[in-house]
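Numbering (the numbering used here), first residue to last: 221 to 546.
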């Protein structure tokens with residue numbers, strides 16, 4: 221029985237280079253580091269007080285103002301399960317904000333201040349992509365333990381760190397990050413945003429010298445899609461179905477996913493030289509429908525997925541297939 225894996229969206233939208241990011245400020249030459257100015261681009265995210273009590277608000281995390289018209293980046297886990305929240309500036313001004321959209325893969329959420337015209341917001345400057353190196357000095361700005369906006373320092377300990385999703389490589393730093401820092405800014409020595417602080421590695425729940433941040437490269441791409449579409453685009457190999465079969469290969473009975481009903485996308489290119497193909501492995505792991513869904517669910521458009529395929533002659537082929545967006 222064929223299982224339909226239709227990864228095509230009903231509506232296809234083509235956007236050249238996602239020009240929406242012209243609303244954000246990118247790298248400029250800067251020789252001084254003015255923390256009093258930079259912290260104005262970071263906000264505290266709090267639960268919204270109820271009518272019964274004006275004092276029951278709770279600090280839940282941090283956010284970064286990424287555009288002058290009030291878009292704020294934070295972590296999805298910061299606002300998850302919260303119905304009403306406000307953002308508080310460094311000057312103590314509380315602003316209502318709405319959730320625009322989120323991306324589970326990157327744990328990123330984008331908020332929008334509803335009354336941004338009432339004051340001049342200070343959006344942060346984005347560092348150039350791929351501009352951070354191991355050993356570079358960095359500073360984390362956030363609201364640890366609800367104490368208020370706080371600056372800590374450290375260095376980049378590693379780049380491209382895999383913390384569970386091979387398609388999402390994070391910046392590792394030893395700058396002190398604690399509960400409440402999530403969604404805050406990681407900046408370089410020029411005061412430019414290089415990442416959004418996202419998580420720590422700890423056996424106790426408190427900081428132990430290892431923290432991670434979503435790189436500005438991914439942030440800019442994902443945030444622009446959320447702002448424009450309300451969600452981030454997903455990765456696809458095309459429009460096709462999988463028929464589950466078992467085959468005898470090298471005297472072993474193996475599960476194989478035969479590609480059938482293919483009609484478009486990167487998967488279609490494989491059949492220019494083959495009449496019949498069966499997936500044995502995905503990213504060097506045994507093929508299963510759950511594995512295929514997991515890999516595509518974690519990947520971003522443009523990422524490469526490794527497929528080990530068996531043709532109708534019993535020959536093995538390995539391909540790196542670049543995903544498209546839906």
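Don't be surprised by glycine CBs; every beta carbon is placed ideally from N, CA and C.
- Contact between residue 406 and residue 391 holds: CB atoms are separated by about 7 Å, below the 8 Å threshold.
- For residue 512, the enclosing alpha helix (DSSP H) stretches over residues 509 to 518.
- For the segment 357 to 412, the full-length beta strand (DSSP E) segments reaching 3 residues or more read 357 to 362, 370 to 382, 389 to 393 and 405 to 407 along the chain.
- Assigned with DSSP and collapsed to three states, residue 347 falls in coil, not helix or strand.
- Annotation: residue 437 is outside any beta strand (DSSP E); the continuous alpha helix (DSSP H) that includes it extends over 436 to 449.
- In the structure shown, residue 457 adopts coil according to DSSP, grouped into three states.
- Judged by their CB atoms, residue 481 and residue 508 are not nearer to each other than the 9 Å cut-off.
- Distance check between residue 411 and each of 432, 424, 346 and 380 places 346 closest, using alpha-carbon atoms only.
- Shortest Cα-Cα distance from residue 455 to any of 518, 488 and 291 involves 518.
- The shortest CA-to-CA distance from residue 374 to any of 308, 429, 530 and 322 is the one to 429.
- Segment contact: the segment 297 to 309 against the segment 484 to 493, fewer than three CB-CB distances shorter than 8 Å; contact not assigned.
- With a cut-off of 8 Å on Cβ pairs, the segment 286 to 296 is in contact with the segment 324 to 342, counting three or more such pairs.
- Put simply, the backbone Cα of residue 500 is about 11 Å away from that of residue 465.
- Excluding five sequence positions before and after residue 498, the CB atoms of its chain that fall closer than 6 Å to its own CB belong to 476, 478 and 530, given in chain order.
- Of the residues 459, 506 and 457, the one whose Cα lies closest to the Cα of residue 474 is 506.
- Residue state for residue 297 is assigned as helix, using DSSP reduced to three classes.
- Here the alpha carbons of residue 349 and residue 440 stand approximately 9 Å from one another.
- The Cβ-Cβ distance between residue 417 and residue 427 does not fall below 9 Å.
- DSSP, read as helix, strand or coil, puts residue 311 in coil.
- Residue 425 and residue 366 have their C-alpha atoms roughly 16 Å apart.
- The beta carbon of residue 398 sits closer than 7 Å to those of 364, 365, 426 and 427, all from its chain and outside the five residues before and after it, given in chain order.
- Per DSSP, reduced to three states, the secondary structure at residue 521 is coil, with no helix or strand assignment.
- By the neighbour-count criterion, in which 16 or more other beta carbons inside 10 Å mark a residue as buried, residue 378 falls on the exposed side.
- Annotation for residue 540: 524 and 526 place their beta carbon closer than 6 Å to its own, counting only its chain and skipping 5 residues before and after.
- For the options 280, 451, 294 and 322, the alpha carbon positioned closest to that of residue 400 is the one of 280.
- Residue 265 is classed as buried because its beta carbon has at least 16 other beta carbons within 10 Å across all chains shown.
- Annotation: the continuous alpha helix (DSSP H) that includes residue 256 extends over 255 to 258.
- Counting C-beta atoms within 10 angstroms of its own C-beta, residue 312 has fewer than 16 neighbours from the protein chains shown and is therefore classed as exposed.
- Between residue 372 and residue 359, the gap from beta carbon to beta carbon is short of 9 Å.
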